[in-house]
Amino acid sequence: MLYELALAGIGGNTIHQVKCNLTLLEIRQWAAYRSRRGSLNIGRRVEQAAANIIAMNINKGLKAEDWVEPIEFMPNEDDVIESFESQILD
8 MLYELALAGI
18 GGNTIHQVKC
28 NLTLLEIRQW
38 AAYRSRRGSL
48 NIGRRVEQAA
58 ANIIAMNINK
68 GLKAEDWVEP
78 IEFMPNEDDV
88 IESFESQILD
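All residue numbers in the sequence shown are consecutive under our numbering, ending with 97.
This is how it looks when you write it as structure tokens:
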């Protein structure tokens, strides 16, 4: 978690600066924020926002069963792994 804060420039640019500048409470608050909201990586967040906009624009002219998922426009996102049960139902 400390390296993510440093990479995002929160509390400093190095792990040492983050340790010196942030209290344990603040680090825990950032960890809770990260688990609730997702990555602190700005590039990933921009990619997610752009994919949502693209999917909304494509989906507005389609029927609900033909909609595309935003994940299809996120090349750096991990593929969603389907469970065995959901694969059987398809």
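Each residue gets a CB set at the ideal place from its N, CA and C atoms; glycine is no exception. Just so we're clear, the structure is a prediction, and the values are computed from it rather than from any experiment.
Between the CA atoms of residue j and residue i - distance to the nearest angstrom
i	j	result
residue 46	residue 85	13 Å
residue 57	residue 10	26 Å
residue 40	residue 34	10 Å
residue 74	residue 92	23 Å
residue 68	residue 20	45 Å
residue 72	residue 81	21 Å
Min CB distance residue i to chain D below 7 Å
i	result
residue 54	No chain D is present in this structure, which holds just one protein chain.
Exposure label - residue i; buried when at least 16 CB within 10 Å
i	result
residue 31	exposed
residue 77	buried
residue 25	buried
residue 12	buried
Inter-residue CB distance, residue i and residue j (contact presumed, cutoff 8 Å)
i	j	result
residue 28	residue 16	Wrong, their Cβ atoms sit about 11 Å apart, outside the cutoff.
Own chain, CB closer than 7 Å to residue i, minus 5 neighbours either side, in chain order
i	result
residue 22	9, 10 and 13
residue 54	81 and 83
Cβ shell of residue i (< 6 Å), same chain only, five flanking positions each side left out
i	result
residue 65	75
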